[in-house]
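Peer 1: Chains as they are written, first to last, in numbering that gives the first Met the number 0: chain A, 0 to 370; chain B, 0 to 256; chain C, 0 to 499. Yeah, the Cβ is synthetic: ideal placement off N, Cα and C, and Gly gets one too. First the structure, which I've put down as structure tokens, then a few questions once you've had a look.
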Amino acid sequence: MAFGDQYSRWRVDRSRVPAACGLSGVISEDGAMIGGDVIIESMKVIHDRGNGLGGGFAGYGIYPRYRDHYALHIMFEDPGGRAACEELLEADLQVQESEEIPTRPGPGIEDAPELRRYFAVPRPEKLAALAIGPDDFMVQLVMRINTTVPGTFVFSSGKNMGVFKAVGFAEDVGEFYRLPDYSGYCWIGHGRFPTNTPGWWGGAHPFNILDWAVVHNGEISSYGINKRYLEMFGYECTLLTDTEVMAYLFDMLVRKHGLPLEVACRVLAAPFWKDIDIEDDPASRALDEALRVVYSSALVNGPFAVIVGFSRGMVGLNDRIKLRPLVAAVKDDLLYISSEESAIRQICPRPDRVWAPNAGQPVIGELKGDV
Amino acid sequence: MPRAATNDRTELKSITLDAGGVYYKDLNSQVRGLIDEGYEEIVLQGVNGQRYIGDGLTQKVKIIIEGVPGNDLGAFMDGPTVIVNDNAQDGVGNTMNSGKIVVKGHAGDVLGYGMRGGRVFVLGDVGYRIGIHMKSFKDQVPVIVAGGRAGDFFGEYMAGGVLVLLGLELGDSPLVGSYVGTGMHGGAIFLRGEVCDHQLGSEVRVYPLEEEDRCQLEGLLAEFAEDTGADLSGVSLDDFVKLQPFSHRPYGNMYCY
Amino acid sequence: MAGNMVTSEFLVQVDHERCRKCKRCTLNCGFGVFDFKDRVTADTSKCVACHRCVVFCPEEAITVARNPLAFREHSSWDVDRRKAIWKQAQDSGMLLTGMGNDLPWLNVFDHLLIDACQVTNPSIDPLREPMELRTYLGRRPDRVEVERSDGGFKLDTEVGNIIKLDIPIMFSGMSYGSVSINVHKSLALAAQRLGTVMNTGEGGLHEELYPYGDHIIVQCASGRFGVHSEYLNKGVAVEIKVGQGAKPGIGGHLPGEKIGREVSSTRMIPVGTDALSPAPHHDIYSIEDLRQLIYALKEATGYKPVSVKIATVHNVAAIASGIARAGADIIYLDGFRGGTGASPAVVRDHVGIPLEIALAVVDQQLRSEGIRNWVSIIAAGGIRSSADVAKAIALGADAVGVGTAALIALGCRLCQKCYTGNCSWGIATQRPELVGRLDPDWGAERLVNLINAWSLELKEILGALGVNAVESLRGNRERLRSLGLDEMTTEILDVKPAGR
Ligand code: SF4
Ligand code: SF4
């Protein structure tokens, strides 16, 4: 059985796995390259926030050679799945390069599926036929593969970025994927503590769609309605984890609805009515009112802290009443966000400033120029 | 194994440990061992993220921490003095019974939860849910003084003890968040500055300071300045307001039988 | 407008022919029903049917009857619903109640049948042959390693800190404050004599009971009442109470009237203040925070086992798995029939799921994840007899907790008025004249009698099953059959229907 059955069981079994965790992220706003060893080092300090049932990373700016191609990271448990998947890819995409993802098997990482990556762009005639943009096309393709091809899971689908995740402790996962061999301008990491064991690599964080990668701590109590809300917009929450909805909400609010990041954050962790009511500036009061009215089903409720990576930066956000920890720090052009200050101090012993962001207040780091 | 070196710069029997990279379980058990050996002052160098330092200790020792200690610093602690020469994380002084914790930087959320005695002094800002469910008992009066600002739910469910917030170097940011003293049914909160009604929990009201409050505050501020090195020259007792519950039975009318 | 629209539930009838005017009833009733002017008079509206007067009247002159007042029948507006509305329309507020869920929900235990041997395998005579009930609680390693030494073997695995019980039955947490000190004393004495443990509940441990520490699990709940270093180290284990079956997800509230001098010093709060227990622990908002508290308690106690008590709610299996992974040694499941000193009736009667089902899915979940060894499961909240004990163990419990049954043994009549603090039996009260009615030695003896009787019955059941150790029944669902349960419930319980 293994992967294929397990995954399809997951799809059918509507029970959700609550998970909690430790997070860390770093970005150079100048676009300077940071080695993958840095984020591993940071995650080591908060080892105890995970339980070895999932760890992962996302790095941005790691594939400069293929910066204009979608980098698909795919895991196959089932050789038949690979054939079927590659057939789909071949039909829909122009594949520039296809290779195994380099790994270094070591302690703590077992039962690795076959891991491959593909650098590709959609075939223009396909886009023309469907009259949709390349991003939407890729979202549909990823969802199609993930819901129909047995034993196959696309776990990274952005450009010039990649997600690396597995069942294991974060630091072991990082070494397994040889992250010290990569460098990027932004990294996020995650050590997972699921309350039961799917034992499935796809269940680890970050969750990704296009260049959105989300690492998440906490449980989203509003999951049910967030999921049904997203389903109205064509997102399929197949993985039954609340983190997935976070990635899709960002994708929808920012990419599809074009909201500025700060505003999207104000949807997800909306201010309380009591505070909106006493806002002095009528314009901002009107905006907040509208966001809450229109996006009431996108309010993410319950304890959470997330770090979301995207092609131009990274944002850290926690829930409206700060039920999960988040600490941020800056040093020169570097912004750090983590669940614990110690994870930052490990890789930046003397920050210029360290602070704990307020409830629902995003901390955003963005590239100043091009990389 | 951390390196140990005995110090002879104080009259206390003192020792320095290098805690860099030592797992909390090993570090704390080593600290306990040293206390059993009779050391009265333990300096922990290179601390970063180790949890539970001082947890459950009942001896009147002094622990000096260089670096950022992990969560639950001084949980269930009953006696020691802990000095942190840097920032601290969440859960400082959780259910602490007696002793003192001095943090010379910032501290995180849920500080002094269920604290029943002793003191926690934080030079800088503190996070959300500070001093919630603090209670006093007999001659034990828990005290938290923070030099900076605080987040929401300051003193939630507070049943006793004293919370002081100084707001030194506030700039534009507010002194304290919302829901101050919500569910409060004992103890007192002293804030240096004004609070608006919408920030207060429905169980508390603002009162002017009585003479005995001024005395108490004066003593606490002197001790705070001494321990943290804070400059309180610009601080006047006239700037403080006191928050107290107006009922000890906030939920008396919620039921019928 | 006329006075109280809520008509009396019970009628107290005094046979004045037999009454010899000794006035004992006026003293005995905790609810102030009786008065004496020339002869005994009774204010029936106050009677809760606790039977104290009936039991103590030397002439058997008192009877308490259900008020026969006729209500026009209505199948959806039963009388209790009408009365609830009258009360709330009169006083507003939440309806408060005591003890466990009293709505007639399906009781799964009553639809499970135990197997016995006939012909094909032998039953065992427990009265003359050994029958082991000893039970260990706590985290165990997955395997034992042995070393060869001097031609023999040597254990090379550390088993860790586990608790030994002589019987798979313990007393559930009931706090001092909600129950009287004499209840705590009775439980501690009985636990010592039975070789099992009592649980302090969330109100701390009175110093007089410190000598019984080896038979006590101390609780650390959200209010942190009486929780200090010495207390934590007194017991054999520490329990983090996250929830209670009678009121999952809500906090507690012991009114100031019950905080007298002794309760105050045990809870370590001033006399007369309300003791509010927050709904959550404010240092646990997530599963890794639970681990943080578990290890804070372990660090504070030299690594004693930590139990985590939760109410059985819908997603209980995943929650339990998280608790095991967070480092707990024991998971204490409190079913929706579990008792309470005070709970809003709406929560007590409608929130949570039955213990039996929760137990079945938790045990199964932990097994399918291969981590069942990491934790022991205690099943409580609805254990009424030795049959329930046996069935719970067969479904997967390591041990069971009894609370209500223990109080009934001490005289409780299940009048459900515990929250009033007027308990005529000296159980759920702090009024000194009422507390004094319960003699701890008498109480301990009755508890020992009850649990010994159940142990005997349990041995008989094991014998009939043809096994001589309780671990052979533990999780042995093959020895259970369901009768009259729907197919889905039977499947969830993972038992076969009778006949299969
Ligand atoms: S409340 Fe109890 S003691 Fe009082 S009259 Fe009724 S049955 Fe008798
Ligand atoms: S403990 Fe007392 S008040 Fe509570 S149900 Fe039993 S007899 Fe009634």
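For A:T196, which residues in the same chain have their Cβ closer than 6 Å to its Cβ, ignoring the five residues on either side in sequence?
Peer 2: With a pLDDT of 49 at A:T196, under the threshold of 50, the modelled position of this residue cannot be trusted; read the value that follows with caution. If you ignore the 5 residues before and after A:T196, its C-beta comes within less than 6 Å of the C-beta of L52, all in its own chain and listed in chain order.
Peer 1: Residues of chain C with a CB under 8 Å from the CB of B:V142: which are they?
Peer 2: The contacting residues do not exist; B:V142 stays about 16 Å from chain C at best.
Peer 1: Pull up the distance between the alpha-carbon of B:G111 and that of C:L164, whole angstroms please.
Peer 2: 36 Å
Peer 1: Identify the contact partners of A:N225 in chain B, using a Cβ-Cβ distance below 9 Å as the criterion.
Peer 2: Per Cβ cutoff of 9 Å: no residues; A:N225 is ~24 Å from chain B at best.
Peer 1: Skipping 5 residues on each side, what residues in its chain have a beta carbon closer than 6 Å to that of C:L296?
Peer 2: Closer than 6 Å at the Cβ level, and outside the excluded window around C:L296, lie V237, V305.
Peer 1: Out of C:V5, C:V32, C:E58, which has the shortest C-alpha to C-alpha gap to C:K20?
Peer 2: C:E58
Peer 1: What in chain B is Cβ-close to C:M169, meaning under 8 Å?
Peer 2: Within 8 Å Cβ-Cβ: nothing; C:M169 doesn't reach chain B, min ~25 Å.
Peer 1: For C:F30, verify whether its CB is less than 7 Å away from any heavy atom of ligand 1.
Peer 2: yes
Peer 1: Could you check the C-alpha separation between B:L190 and B:E209 for me, to the nearest Å?
Peer 2: Cα to Cα, the separation comes out at about 14 Å.
Peer 1: State yes or no: is the C-beta of C:V374 within less than 8 Å of the C-beta of C:P167?
Peer 2: no
Peer 1: Does C:N66 pass the burial test, meaning 16 or more other C-beta atoms within 10 Å, or should it be called exposed?
Peer 2: By the neighbour-count rule (16 or more Cβ atoms within 10 Å), C:N66 is not buried but exposed.
Peer 1: Determine the extent of the alpha helix (DSSP H) in which B:Q215 is found, giving its start and end residues.
Peer 2: 210-227
Peer 1: On the DSSP bridge assignment, give the partners of A:W354 in chain order.
Peer 2: A:A327
Peer 1: Would you kindly report the start and end of the unbroken alpha helix (DSSP H) that includes A:G80?
Peer 2: 78-91
Peer 1: Would you kindly report the start and end of the unbroken alpha helix (DSSP H) that includes B:K103?
Peer 2: Run containing B:K103: none; DSSP gives neither H nor E here.
Peer 1: A:L316 CB to nearest chain C CB: under 8 Å?
Peer 2: No - not a single Cβ of chain C is within 8 Å of the one on A:L316.
Peer 1: By the DSSP assignment, the alpha helix (DSSP H) with C:S481 in it spans what residues?
Peer 2: Run containing C:S481: none in the alpha helix (DSSP H); it sits in the beta strand (DSSP E), 479-481.
Peer 1: Under 7 Å from any heavy atom of ligand 1, does the C-beta of C:V63 make it?
Peer 2: At least one heavy atom of ligand 1 is nearer than 7 Å to the Cβ of C:V63, so yes.
Peer 1: Along chain D, in chain order, which residues have C-beta atoms closer than 9 Å to that of A:P149?
Peer 2: You won't find chain D in this structure, because its protein chains are A, B and C.
Peer 1: Residues of chain A with a CB under 8 Å from the CB of B:H197: which are they?
Peer 2: K273, I277
Peer 1: Per DSSP, what kind of secondary structure is C:F224 in: helix, strand or coil?
Peer 2: coil
Peer 1: Provide the residue(s) that pair with A:F303 in DSSP beta bridges, ordered along the chain.
Peer 2: A:G217
Peer 1: Closest to C:K257 by CA distance: which of C:C422, C:H313, C:F35, C:Q243 is it?
Peer 2: C:C422
Peer 1: Output needed for C:V107: all residues of its chain with C-beta closer than 6 Å, excluding positions within five of it in sequence on either side, in chain order.
Peer 2: P353, E355
Peer 1: Where DSSP assigns a beta bridge to C:S375, which residues make up the other side?
Peer 2: C:I329
Peer 1: Are C:K303 and C:V241 touching if we call contact CB-CB under 8 Å?
Peer 2: Not in contact: C:K303 and C:V241 (Cβ atoms no closer than 8 Å).
Peer 1: Output, in sequence order along the chain, the residues in the stretch 119-141 of chain B whose CB is closer than 9 Å to any CB in chain C.
Peer 2: R128, I131, H132, K134, S135, F136, K137, Q139
Peer 1: Return the CA-CA distance between B:D17 and B:V91, expressed in angstroms with no decimal places.
Peer 2: 22 Å
Peer 1: Can you tell me whether DSSP reads A:H46 as helix, strand or coil?
Peer 2: helix
Peer 1: Cα separation between A:D4 and A:W199?
Peer 2: The predicted position of A:D4 is uncertain, since its pLDDT is 37 and thus under 50; no value can be drawn from it.
Peer 1: With DSSP as the reference, label A:R13 as helix, strand or coil.
Peer 2: Here the model assigns A:R13 a pLDDT of 34, short of 50, so the residue's position is not dependable, and the following value carries that caveat. If DSSP states are grouped into helix, strand and coil, A:R13 belongs with coil.
Peer 1: Can you pull the chain A neighbours of B:D89, defined as C-beta to C-beta under 7 Å?
Peer 2: P324
Peer 1: Which residue comes first and which comes last in the beta strand (DSSP E) that contains C:L275?
Peer 2: 274-276
Peer 1: What's the gap between the Cα of A:E89 and the Cα of C:N314?
Peer 2: 43 Å
Peer 1: Alpha carbon to alpha carbon, what distance is there between C:S7 and C:P431?
Peer 2: 28 Å
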